[in-house]
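Novice: One structure, pasted below without further comment.
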Amino acid sequence: MKYKRIVFKVGTSSITRSDGSLSRGKIQTITRQLAALHHAGHELVLVSSGAVAAGFGALGFKKRPVKIADKQASAAVGQGLLMEEYTANLSSDGIVSAQILLSRADFADKRRYQNAGGALSVLLQRRAIPIINETTRFRLRS
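Using the numbering used here, read the sequence shown as starting at 4 and increasing by one per residue.
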């Protein structure tokens, strides 16, 4: 095994349909690939976008919102829906997933950075797949 730890970055377009809504089929394909690598002994970290895409339809928006408040509300709803999708697919393969929400401040502060790193280490040692997304803590810019 050449690489033990692999970090995957999944952008919104990789898990959405042409109308911008979440594609359960695409997520299932990605999680099957992750499961195969996980069962082969790799440590995996998934960095995923897509919370806005997962949530805008649930809030009744017909298309992806453009206003910051609408995006943030969509992301707040969508983050749970997105994690639910990842968790359901991975757990069907016997894999535990974990949600890690980070912000820039988590990297700027040494103690927060170390705490996040410690939690990631434990998750990887326990054979869970951490799923990382930027927190939607109502940033000034979106």
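From the three backbone atoms N, C-alpha and C, an ideal C-beta is built for every residue, glycine too.
Values in this document were obtained by computation on a predicted structure and should not be read as measured data.
Going by C-alpha to C-alpha distance, which of 15, 101 and 86 sits closest to residue 47?
Specialist: The residue labelled residue 47 in the question sits at position 44 within the sequence shown. Residue 101 is the option with its Cα nearest to residue 47.
Novice: Whole angstroms are fine: how far does the CA of residue 121 sit from the CA of residue 128?
Specialist: Working through the sequence shown from its first residue, we reach residue 128 at position 125. Working through the sequence shown from its first residue, we reach residue 121 at position 118. Distance between the alpha carbons of residue 128 and residue 121: 11 Å.
Novice: Considering only residues of the same chain and omitting the five flanking positions on each side of residue 54, which have a CB-CB separation below 7 Å?
Specialist: Translated into positions along the sequence shown, residue 54 becomes position 51. If we look at residue 54 and ignore the five residues flanking it on each side, its Cβ neighbours are 78, 81, 82, 85, 136 and 139.
Novice: Just the C-alpha distance for residue 8 and residue 42, rounded to the nearest angstrom, thanks.
Specialist: The count along the sequence shown starts at 1 and reaches residue 8 at position 5. The count along the sequence shown starts at 1 and reaches residue 42 at position 39. Straight-line Cα distance between these residues: approximately 13 Å.
Novice: Would you kindly work out how many angstroms separate the C-alpha atoms of residue 94 and residue 26, rounded to a whole number?
Specialist: By one-based count along the sequence shown, residue 94 stands at place 91. By one-based count along the sequence shown, residue 26 stands at place 23. If I take the Cα positions, the gap works out to 18 Å.
Novice: Just the C-alpha distance for residue 68 and residue 75, rounded to the nearest angstrom, thanks.
Specialist: Along the sequence shown, one-based indexing puts residue 68 at 65. Along the sequence shown, one-based indexing puts residue 75 at 72. Looking at the two C-alpha atoms, the distance is approximately 9 Å.
Novice: For residue 143, count neighbouring Cβ atoms within 10 angstroms of its own Cβ and tell me buried if that reaches 16, exposed if not.
Specialist: What you label residue 143 is simply residue 140 of the sequence shown in a count that begins at 1. Caution is warranted here: a pLDDT of 46 is assigned to residue 143, below 50, making its placement in the model unreliable, and the coordinate value is therefore given only provisionally. Label assigned to residue 143: exposed.
Novice: Tell me whether residue 59 is buried or exposed, calling it buried when 16 or more other Cβ atoms sit within 10 Å of its Cβ.
Specialist: By one-based count along the sequence shown, residue 59 stands at place 56. Counting Cβ neighbours within 10 Å, residue 59 comes out buried, since at least 16 surround it.
Novice: Name the DSSP bridge partner or partners of residue 137?
Specialist: One-based indexing of the sequence shown puts residue 137 at position 134. Partner(s): 105.
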